[in-house]
Amino acid sequence: MLHNIPLKILVGMAVFLLAVLLGIGLGTDFGRKGKPQVQALETSISDALLLNKTLKKVLNVHKEITPRNPKADTNAVGEIWLVPNGMSIPNYMLRAAREIERCKGTIHLMKEIRNGRAALLKYEGEQGIYPLTEIRIIDSLWQPNSSKLAVVLAVRERNKLLNNKPEILDRLNFTYNLLIPSSRPELLEAGKKLNVNIIPWIPMESSENIYSVEKKYQIPLGLANEKELAKRLEKILKQYDNPSGFAAFNGEDFLVHPASMEMLGNTLLSKKMWFWDLSKRGIASLSPMECLKKELRCRKDYLDIESEEQIKKTLRTARTYGSAVLLFELTEKSIALLEKLPDMAEKQGTRLTLAEEVF
3 MLHNIPLKIL VGMAVFLLAV LLGIGLGTDF GRKGKPQVQA LETSISDALL LNKTLKKVLN
63 VHKEITPRNP KADTNAVGEI WLVPNGMSIP NYMLRAAREI ERCKGTIHLM KEIRNGRAAL
123 LKYEGEQGIY PLTEIRIIDS LWQPNSSKLA VVLAVRERNK LLNNKPEILD RLNFTYNLLI
183 PSSRPELLEA GKKLNVNIIP WIPMESSENI YSVEKKYQIP LGLANEKELA KRLEKILKQY
243 DNPSGFAAFN GEDFLVHPAS MEMLGNTLLS KKMWFWDLSK RGIASLSPME CLKKELRCRK
303 DYLDIESEEQ IKKTLRTART YGSAVLLFEL TEKSIALLEK LPDMAEKQGT RLTLAEEVF
């Protein structure tokens, strides 16, 4: 039959069949040879290859500057990254180190310069060594929410301000926390009317001179077991609205007693609560290191003397470490000082928040 088909048509059919066969070949043999190469290229594009890009994103780089003739000196800065104020250079360095480590890069140089207003960074990724980079803070741009600050006002046993002049607290137009003794239900009720975050302040056994009503409510030494301790804590904490933690009021004897602190630590762990020691002698039997080992959230502080200098110091702490607590006694003086705090905090990107976010 083929001899009846014109030659032109046969040639055309042959060309068509050859094209089809080549197409099949590209989809099979050639495809099997070429396709893995494409896949290998795609899978090799990891975060490490994009280290320079991801690092800028993590550091929130606002602007990049390339100095003139950076190649003239191998030790000269090749790039300058301008980053917002509101976070300290050590914090920026920590973020950079974490990102480089995450992307399996290597740090060759990292140090502060310009009196802590900038840092030098030399690092290497899979693409090779990146140029010496200067990370420089610019004062005209502030990074919001780069740190947190919890303001806590302690209501002492004989505080008259909360009961007699609660309206004075309306002057604090920001998020703050009240620390109220569990042995003073009248102060607790006054605090609840303000619709603020209240931290339970629980008395614990102490040889210090305290009011008799506190002795009546305190958690004593010599409890039989954790079940008894938990029962006593639940009885006290039910006065509050589902607190995620509490502070120790006095308690110098309880808080250095190993057996009592062992029970307290286990109880806190089982209830997933944080603990705040405000006693004079501190948590010798449950140090911050022990808390870390036991995966507990606990901290140690003292009541600060109300002053503008203390506010500035705490703001610096928040900027350096990312979080801080400002603890003042509830007085008219402290309220007058704290009225300026929101503006001061906003200027450095610090957010005023609940205590539990810092603890």
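Each step along the sequence shown adds one to the number in this note's numbering, with nothing skipped, and position 143 is 145.
Each residue gets a CB set at the ideal place from its N, CA and C atoms; glycine is no exception.
Every value quoted in this text rests on a predicted model; they were computed, and no experiment measured them.
- Distance between GLU128 and GLU101, taken at the CA atoms: about 14 Å.
- SER208 is positioned such that its CB atom lies closer than 9 Å to that of PHE256.
- With a cutoff of 9 Å on beta-carbon distance, LEU181 and LEU171 are scored as not near each other.
- According to DSSP, VAL85 shares a beta bridge with ILE139.
- Linking SER142 to ASN93 through their CA atoms gives a straight-line distance of about 19 Å.
- Take LYS124, set aside five residues on each side of it, and the residues of its chain with a beta-carbon closer than 6 Å to its own are HIS110, LEU111 and LEU134, in chain order.
- Annotated three-state conformation of VAL154 is strand, per DSSP.
- Residues GLU308, GLU310 and ILE313 of the same chain have their beta carbon placed closer than 7 Å to that of LEU339, with the five preceding and five following residues left out of the count.
- DSSP lists ALA120 as the bridge partner or partners of ILE115.
- By the criterion of a C-beta distance shorter than 6 Å, CYS300 is surrounded in its chain by PHE277 and CYS293, once the five residues flanking it on both sides are discounted.
- Between the region 183 to 191 and the region 350 to 361 there are fewer than three inter-stretch CB-CB distances shorter than 8 Å, so the stretches are not counted as touching.
- As the crow flies, the alpha-carbon of GLU66 is around 13 Å from that of LEU57.
- Sequence-distant Cβ neighbours of GLU297 in its own chain, meaning closer than 8 Å and more than five residues away, are LEU271.
- Contact check for LEU151 and THR316: beta-carbon distance about 7 Å, within the 8 Å limit, so the pair qualifies.
- Closest by C-alpha distance to SER262, out of GLU126, GLY224, GLY107 and ARG160, is GLY224.
- Within the same chain, GLY351 come within 6 Å of PRO146 by CB-CB distance, once the 5 residues on both sides are set aside.
- Assignment of beta-bridge partners to TYR94 by DSSP yields no partner.
- Leaving aside the five residues that flank GLY193 on each side, the residues in its chain whose CB is nearer than 8 Å to its CB run, in chain order, VAL157, LEU164, LEU180, ILE182 and ILE200.
- Taken atom to atom, the span from the alpha-carbon of LEU61 to that of ASN161 is near 46 Å.
- If you check the CB distance, VAL153 and PHE330 come in under 9 Å.
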